[in-house]
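Working notes, structure below.
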Ligand code: F6P
């Protein structure tokens with residue numbers, strides 16, 4: 004069957020490279036004479052029929068920016084079959100032959116709902132968390148670099164006074180971001196489990212705060228311990244100034260790294276090539292050798308929300 008119309012949406016936490024992925028999909032569609040429709044606000048836009056034909060004018064200037072030009076949502080309605088049914092009807096109304104979803108684990112869950120209702124759907128793994136079964140997800144490399152440069156700046160200032168800091172790191176339950184940052188900034192102070200040993204941490208900080216080591220930066224995985232409280236305790240016990248640093252969306256925003264741009268663009272183009280060849284129901288990512296690979300859509304971690 005000749006593919007005439009493809010639609011694309013971005014869902015869950017935005018990730019640097021989502022816009023480049025849209026551009027990759029757009030370019031491949033242009034080359035093949037396929038119309039590309041953009042669905043705004045993730046799965047909610049599919050329910051609300053917020054679907055527009057994408058043109059280069061809409062993409063121009065956004066291709067290498069962070070965030071997502073199609074906007075994103077964590078849809079609550081898409082859990083209910085009555086809304087999934089509306090979404091399917093809207094796709095049919097616009098004569099959409101196939102849908103491409105860029106998002107994380109919860110977004111893949113939504114994709115499975117559509118696939119199981121007979122929609123041709125393929126996905127691109129867009130999340131900073133790196134929690135899907137590929138070597139990298141689109142956005143991880145950019146987020147890692149953004150966090151490392153933020154912490155480097157914090158460390159410059161800390162070193163002037165031998166002060167310490169606690170920095171909260173995103174990643175949900177996946178430790179790839181925090182582990183990557185810890186390696187890159189050379190810190191052993193990493194809390195990934197609420198049952199960590201405070202006594203050991205204090206001992207290690209005291210031993211290393213001797214002017215011969217980098218200033219103590221304690222990395223805390225989000226949702227494990229309260230970083231503001233921890234900073235207060237460490238300040239009292241270690242006799243140095245320790246401030247909490249909540250760098251928030253500095254981690255997730257910002258333009259995609261060169262790596263993520265190449266990855267997102269190539270994966271987007273490949274997803275379209277596959278669909279045009281009659282191959283859907285796949286997630287396009289990269290393996291350890293950084294070659295494009297596909298896997299059947301499944302969700303690796305069982306989140307109970309669309310993310
Ligand atoms: O999934 C991406 C992510 O940034 C996670 O690392 C984090 O847990 C979550 O989204 C935070 O999302 P929000 O601030 O949008 O609720």
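In this note's numbering, the protein residues as written are 4 to 310.
Backbone N, C-alpha and C define an ideal beta-carbon position, used for all residues, glycine too.
Residue i lies in the alpha helix (DSSP H); which residues open and close that run?
| i | result |
| --- | --- |
| residue 160 | 143-164 |
| residue 66 | Segment: none, residue 66 is in no alpha helix (DSSP H) and carries neither H nor E. |
| residue 338 | The displayed coordinates of the chain run from 4 to 310. Any statement about residue 338 would go beyond what the structure contains. |
| residue 230 | 230-241 |
| residue 45 | 45-50 |
| residue 188 | 179-188 |
| residue 273 | 261-279 |
On the DSSP bridge list, what partners appear for residue i?
| i | result |
| --- | --- |
| residue 13 | 105 |
| residue 40 | 10, 56 |
| residue 297 | 287 |
| residue 171 | 223 |
| residue 248 | 170 |
| residue 129 | 141 |
| residue 194 | 223 |
| residue 124 | 102 |
Would residue i be called buried (16 or more neighbouring beta carbons within 10 Å of its own) or exposed?
| i | result |
| --- | --- |
| residue 245 | buried |
| residue 22 | buried |
| residue 49 | buried |
| residue 88 | exposed |
| residue 274 | buried |
| residue 197 | exposed |
| residue 13 | buried |
| residue 92 | exposed |
| residue 308 | Legend: pLDDT at residue 308 = 32, less than 50; position of this residue unreliable, value from coordinates given subsequently. It is exposed - the Cβ of residue 308 has fewer than 16 other Cβ atoms within 10 Å. |
| residue 292 | exposed |
| residue 84 | exposed |
| residue 116 | buried |
| residue 192 | buried |
| residue 114 | buried |
| residue 268 | buried |
I think residue i touches residue j, with their Cβ atoms under 8 angstroms apart; what is that distance to the nearest whole Å?
| i | j | result |
| --- | --- | --- |
| residue 94 | residue 122 | 6 angstroms |
| residue 15 | residue 142 | In fact, because the Cβ distance is near 11 angstroms, the residues do not count as touching under 8 angstroms. |
| residue 66 | residue 41 | Residue 66 to residue 41, Cβ: 13 angstroms. No contact. |
| residue 271 | residue 129 | No, residue 271 and residue 129 are not in contact; Cβ-Cβ is about 10 angstroms, not under 8 angstroms. |
| residue 69 | residue 258 | 5 angstroms |
| residue 249 | residue 153 | That belief does not hold up - the Cβ atoms of residue 249 and residue 153 are roughly 11 angstroms apart, past 8 angstroms. |
| residue 237 | residue 208 | 7 angstroms |
| residue 253 | residue 220 | Rounded, the Cβ-Cβ distance is 15 angstroms, inconsistent with contact. |
| residue 44 | residue 76 | 5 angstroms |
| residue 147 | residue 176 | No, residue 147 and residue 176 are not in contact; Cβ-Cβ is about 17 angstroms, not under 8 angstroms. |
| residue 56 | residue 26 | With 8 angstroms as the limit, residue 56 and residue 26 do not qualify as a contact, their Cβ atoms being about 16 angstroms apart. |
| residue 3 | residue 47 | What is shown of the chain runs 4 to 310, which leaves residue 3 out entirely. |
| residue 218 | residue 167 | 6 angstroms |
Looking at the ligand F6P, does it come within less than 7 angstroms of residue i, judged from the CB to the closest heavy atom?
| i | result |
| --- | --- |
| residue 53 | no |
| residue 174 | yes |
| residue 13 | no |
| residue 16 | yes |
| residue 107 | yes |
| residue 190 | no |
| residue 50 | no |
| residue 47 | no |
| residue 181 | no |
| residue 229 | no |
| residue 120 | no |
| residue 255 | yes |
| residue 131 | yes |
Given 7 angstroms as the limit, tell me if residue i has its C-beta closer than that to any heavy atom belonging to the ligand SAM.
| i | result |
| --- | --- |
| residue 225 | For the structure depicted, the ligand SAM is absent and the ligand set comprises only the ligand F6P. |
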